[in-house]
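All remarks here apply to the structure that follows.
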Amino acid sequence: MAFTKNLNLHRLKSPSIIPGFGVTLGFTLFYLALIVIIPLSGLFFTAATVSWGEFWNTVSSPRVLHAYKISFGISLLAALINTFFGLILAWVLSRYKFFGKRIIDAMVDLPFALPTAVAGIALTALYSPQGWIGQYAEMLGIKIAFTPFGILIALVFVGLPFVVRTVEPILKDMEKELEEAAASLGASRFQTFRQVIFPSILPALLTGFAMSFARGLGEYGSVIFIAGNIPKISEIVPLLIVVKLEQYDYAGATAIALIMLIASFILLFIINWLQKWASDDS
Amino acid sequence: MIHKISPTTEPLWVRISLLLTALAFIGVLVVLPVAVVFVEAFRQGMPAYIAALSDPTALSAIRLTVLVAAIAVPCNIIFGVVASWAITKFDFMGKQLLITFIDLPFSVSPVISGLIYVLLFGANSWLGQWLIDNDIQIIFAVPGLVIATIFVTFPFVARELIPLMEEQGTQEEEAAIMLGAGGLRTFFAVTLPNIKWALLYGVLLCNARAMGEFGAVSVVSGHIKNYTNTVPLHVEILYNEYNFMASFAVASILSLLALFTLLLKTAIECKFSKTGKI
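Chains as they are written, first to last, in my numbering: chain Y, 1 to 282; chain S, 1001 to 1278.
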């Protein structure tokens, strides 16, 4: 009897002399279920009570479809911009020495630390037609705030740290010998980058891209101020969920949210897979 | 940044243009927005700034934000430490899945984070009906704000601790146990000193997010003046009332909190790189 019990335990958990497994894992699972799993599954249960027709009518209405297009399209564009500039930032921060490097390094994390509502009003003040940047854009005939362009600016802001923070450690830890070998075999610096450095940072780069994209999809606070929120022009999906809630249309809000949530889960799955790929590589 | 020409560095013009691109990107995208907050906040001078902050509505928003963070952050510290202990000191089945679940709140839109609690506790659900019958208010009240904040800041502490404790392994704890220390004593005397800086950093991030959370809190708060308005919601209300100066004045305290968080983070990192121990 004792033997089979031991055997079962052995399969689920390796033996250890450190105490507290049962109590810490039990508390972790309890708290996780209470705060995250039960409330999140509540959304799926509520969605299940929405009839198929009602669900379809909500998510296929032109206003909602347009918001999906805006949210996915602009998040994708913002993630691409962040991948390009994030790589440059990670490169500069991990390879060069320059005055004020620590400050720049700290500033990269600012979009994580600054409340989104503050970012929202600050970006709006900068890019509105009277703003520091907006007035010059206006002279060139470009409107930024209260257009989809404004949404892009906000999403580039919130997604900025991801690529830098995923790529930077890889660039720092990379063995210099590989690059020296490439150079001694006659590769130009650009060839070395393309054929030696780039393949080894690719998983991290893609991880950062996916994280930045996922963050952009869900972002609310920084976008609603600068977007102007004009239906079928500059409305994002999270805003539509809030609009439905304010009209007490819980079924509509749930239907729209369900699609976003599934998209987030797919992205989380892809990010986990990319991270595994990155750690297997290194 | 001027090195000797070497086969593993870029030509000087490449280095300079990469550096300038990086500086310009950070300058326009990050430094300017922070600068504009303070410029707009002090546009009408110091007295107007102080008046905006000492307004009773602003003060009540500050009190509420501190209260919410004071409940949510300790809850997540306890959870973060306990979960990291379970995950890093033992090997068990489904560990990776558990880590994914802990990270889940990061990938959920803040608006949806609020929505799930409205659905759970709102008048439409059976639980909500029971709460109404027993005169307990969660949504559009302080408990809702606290729970939504706990949700969005859920992973911060655990996420800082897990990679570090994973790296540190279990040898020191095993030695302590062999020498006769109990579990709690082992944690406080052996583990905690090893993780204190990462823990502090996780707490700082958790706190910054708890005090700054907007989307989730906005959905569950109902925007009741002097009752469920946190500081970020107060910023929004002032802004929508075209009271821009006051809005930026209140936003400036949140910006200071963010800058302070980053400053401490940089200080902790400096300490790490000097002692070489993490």
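Glycine included, C-beta positions come from ideal geometry on N, C-alpha and C.
Check: Please tell me whether Leu-110/Y has its Cβ less than 7 Å away from any Cβ of chain S.; Outcome: yes
Check: Answer yes if the stretch 1169 to 1176 of chain S comes into contact with the stretch 77 to 86 of chain Y, meaning at least three C-beta pairs across the two stretches below 8 Å, and no otherwise.; Outcome: no
Check: Might you give, ordered along the chain, the residues of its own chain that have their beta carbon closer than 8 Å to the beta carbon of Leu-1259/S, omitting 5 neighbours on each side?; Outcome: Val-1034
Check: Identify which residue in Ser-1054/S, Pro-1105/S and Pro-1163/S has its Cα closest to the Cα of Phe-265/Y.; Outcome: Pro-1105/S
Check: Using a Cβ-Cβ cut-off of less than 8 Å, list which residues of the stretch 1120 to 1144 of chain S approach chain Y; keep chain order.; Outcome: Leu-1120, Gly-1122, Asn-1124 and Ser-1125
Check: Is Ile-121/Y near Phe-225/Y, with beta carbons less than 7 Å apart?; Outcome: yes
Check: Let's test the definition: count the other Cβ atoms within 10 Å of the Cβ of Phe-55/Y and tell me whether it reaches 16, buried, or not, exposed.; Outcome: buried
Check: Anything in the stretch 209 to 229 of chain Y with a Cβ closer than 9 Å to a Cβ of chain S? List those residues in chain order, please.; Outcome: Met-211, Ala-214, Arg-215, Leu-217, Gly-218, Glu-219, Tyr-220, Gly-221, Ser-222, Ile-224 and Phe-225
Check: Does the distance from the C-beta atom of Leu-1254/S to that of Pro-115/Y stay below 7 Å?; Outcome: yes
Check: If you reduce the DSSP assignment to three classes, tell me which class Phe-193/Y lands in.; Outcome: helix
Check: Just the C-alpha distance for Ser-234/Y and Ile-144/Y, rounded to the nearest angstrom, thanks.; Outcome: 11 Å
Check: Any beta carbon of chain S sitting closer than 7 Å to that of Arg-194/Y?; Outcome: no
Check: Which residues in the same chain have their Cβ closer than 7 Å to the Cβ of Ile-1087/S, if we skip the five residues on either side of it in sequence?; Outcome: Lys-1095, Leu-1098, Ile-1099 and Ile-1162
Check: I want to see whether chain S comes within less than 7 Å of Val-36/Y, judged by CB atoms only; does it?; Outcome: yes
Check: Take Leu-267/Y and list the residues in its own chain whose beta-carbon comes closer than 8 Å to its own, dropping the five residues that flank it on each side.; Outcome: Ala-210, Phe-213, Ala-214 and Leu-217
Check: Is there a Cβ of chain Y sitting closer than 7 Å to that of Ala-1070/S, yes or no?; Outcome: no
Check: Determine the burial state of Pro-1232/S: buried for a count of at least 16 other Cβ atoms within 10 Å of its Cβ, exposed for fewer.; Outcome: buried
Check: When the cut-off is 7 Å and only beta carbons count, does Phe-3/Y lie next to chain S?; Outcome: A caution first: Phe-3/Y carries a pLDDT of 45, below 50, which makes its placement in the model too unreliable to give a value.
Check: Quick one: residues in its chain with C-beta nearer than 6 Å to the C-beta of Leu-261/Y, no 5 flanking neighbours on either side, listed in chain order?; Outcome: none
Check: Which term fits Thr-46/Y, buried or exposed, when burial requires 16 or more other beta carbons within 10 angstroms of its beta carbon?; Outcome: buried
Check: Could you tell me whether the stretch 126 to 143 of chain Y touches the stretch 167 to 185 of chain Y, using the rule of 3 or more Cβ pairs below 8 Å?; Outcome: no
Check: Going by DSSP in three states, Lys-1271/S sits in which element: helix, strand or coil?; Outcome: helix
Check: So Lys-176/Y contacts chain S; which residues on that side make the cut at Cβ distance below 8 Å?; Outcome: Thr-1008
Check: Does any C-beta atom of chain S lie closer than 7 Å to the C-beta of Asn-6/Y?; Outcome: In this prediction, Asn-6/Y scores a pLDDT of 49, lower than 50, which makes its location untrustworthy; the coordinate-derived value is nonetheless stated afterwards. No, because no Cβ of chain S sits closer than 7 Å to the Cβ of Asn-6/Y.
Check: So which of Ala-255/Y, Lys-172/Y, Leu-12/Y and Asn-272/Y has the shortest CA-CA distance to Ser-94/Y?; Outcome: Lys-172/Y
Check: Just to confirm the assignment, what range does the alpha helix (DSSP H) spanning Ile-1195/S have?; Outcome: 1192 to 1212
Check: Please look up how many angstroms separate the CB atoms of Thr-1021/S and Ile-201/Y, rounded, as I've assumed it's under 8 Å.; Outcome: The Cβ separation is near 18 Å, so there is no contact.
Check: Can you find a CB in chain Y that lies within less than 7 Å of the CB of Met-1245/S?; Outcome: no
Check: Can you tell me the Cα-Cα spacing of Phe-1214/S and Gly-221/Y, whole angstroms?; Outcome: 6 Å
Check: Using a Cβ-Cβ distance cut-off of 7 Å, determine whether Ser-1107/S contacts chain Y.; Outcome: yes
Check: Tell me which same chain residues have a C-beta within less than 8 Å of the C-beta of Ala-1061/S, skipping the five on either side of it?; Outcome: Asn-1229, Thr-1230, Val-1231, Leu-1233, His-1234 and Val-1250
Check: Report whether the distance from the Cβ of Leu-202/Y to the nearest heavy atom of the ligand NAP is below 6 Å.; Outcome: The model depicted lacks the ligand NAP and carries no ligand whatsoever.
Check: Mind listing which residues of the stretch 1077 to 1092 of chain S have their C-beta closer than 7 Å to chain Y's C-betas, in chain order?; Outcome: Phe-1079, Val-1082, Ala-1083, Trp-1085, Ala-1086, Lys-1089, Phe-1090, Asp-1091 and Phe-1092
Check: Quick one: measure Cβ to Cβ for Ala-1208/S and Leu-1257/S, integer angstroms, because I've assumed they're closer than 8 Å.; Outcome: 6 Å
Check: Check whether the Cβ atoms of Ala-204/Y and Val-158/Y sit closer than 7 Å, and answer yes or no.; Outcome: no
Check: Going along the chain, which residues of the stretch 121 to 147 of chain Y sit with their C-beta nearer than 9 Å to a C-beta in chain S?; Outcome: Ile-121, Ala-122, Leu-123, Thr-124, Ala-125, Leu-126, Gly-131, Trp-132 and Ile-133
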